[in-house]
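Data first, discussion second: the structure below is written as structure tokens.
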Ligand code: PEP
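Residue numbers (my numbering): 6 to 255.
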């Protein structure tokens, strides 16, 4: 059995309202008893402070879905890393595929965000993953390695001691199509091997989450794979019963 404690993270994306956030959090908090994994939730920016208040003392940690790579200044509409800390975040997603594909975040920007997050004391959850075309062209590991390497080049491998990696095949996000446990395990093992080539101890300690249409059915088998240390959950994180069921099998 791995010494790495499982982590289940919920990415709420751009969903919810003040009242639905309260409702979802209340249901989550009521269902935490007996969980043996770490739990992270990432609501939209406007609800972070509210979520922090509700989650205090529950053990559930709070993350944002994005951040600016800048410390402060004339960056209209952006949110600084220190602001996330200020409202109670400990974690932040970096390089989610929707940020990469819809908002043009390059590997270099993602790496800058990773560094900015850590500089502010946040744990970045670095998302990597290939598109369907890249998978079909046999490029999966190359793409994932390139995305990881961009961060390692600027942050160094030891930065991964205070980070989480999430492997999210783009073709599985929000599509209902999950990578098979074997497909996911192969990429996770590849990610760990890239890290191990630089520092075996760091590689052994880093948590690598799987994301992409994780549902209660199937989660247990994914989490049984030796290099899968939990999940990054989108759609199912909006349904307290589903999210808790996923946490229960982690
Ligand atoms: C995600 O947004 O990170 C994600 C994995 O979404 P879903 O679970 O809905 O595929």
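Just so it is clear, CB atoms sit at the ideal spot from N, CA and C, and this is done for glycine as well.
{"Query": "Opening and closing residue of the beta strand (DSSP E) in which residue 147 lies", "Result": "First-last for residue 147: 145-160, but that is the alpha helix (DSSP H), not the beta strand (DSSP E)."}
{"Query": "Exposed unless 16 or more other CB atoms sit within 10 angstroms - verdict on residue 173", "Result": "buried"}
{"Query": "With 16 other Cβ atoms within 10 Å as the buried cut-off, status of residue 165", "Result": "buried"}
{"Query": "Alpha carbon of residue 144 to alpha carbon of residue 20, nearest angstrom", "Result": "33 angstroms"}
{"Query": "Exposure of residue 141, with buried meaning 16 or more beta-carbon neighbours within 10 Å", "Result": "exposed"}
{"Query": "In DSSP terms, what residue 5 is bridged to", "Result": "In the structure as shown, the chain starts at 6 and stops at 255, and residue 5 therefore has no counterpart that could be examined."}
{"Query": "First through last residue of the beta strand (DSSP E) which encompasses residue 214", "Result": "212-216"}
{"Query": "beta-carbon residue 118 near ligand 1 non-hydrogen atom, thresh 7 angstroms", "Result": "no"}
{"Query": "Under the three-state DSSP convention, the category residue 51 falls into", "Result": "helix"}
{"Query": "According to DSSP, residues forming a beta bridge with residue 202", "Result": "Bridge partners of residue 202: none, in fact."}
{"Query": "CA-to-CA distance, residue 14 to residue 250, given in whole angstroms", "Result": "13 angstroms"}
{"Query": "Buried or exposed by the 16-neighbour rule on C-beta atoms within 10 Å, applied to residue 80", "Result": "exposed"}
{"Query": "Three-pair Cβ contact test at 8 angstroms for the stretch 204-219 versus the stretch 144-158", "Result": "no"}
{"Query": "Where the alpha helix (DSSP H) containing residue 237 begins and where it ends", "Result": "No alpha helix (DSSP H) holds residue 237; the beta strand (DSSP E) holding it covers 235-238."}
{"Query": "Nonlocal neighbours in the same chain, by C-beta distance under 8 angstroms from residue 57, ignoring five residues either side", "Result": "67, 92, 93, 94"}
{"Query": "Check whether residue 115 and residue 126 have beta carbons under 8 angstroms apart", "Result": "no"}
{"Query": "Straight-line gap, residue 50 to residue 70 (C-alpha atoms, nearest Å)", "Result": "8 angstroms"}
{"Query": "Residue 66, DSSP secondary structure in three states", "Result": "strand"}
{"Query": "Residue 116: first and last residue of the uninterrupted alpha helix (DSSP H) it sits in", "Result": "112-124"}
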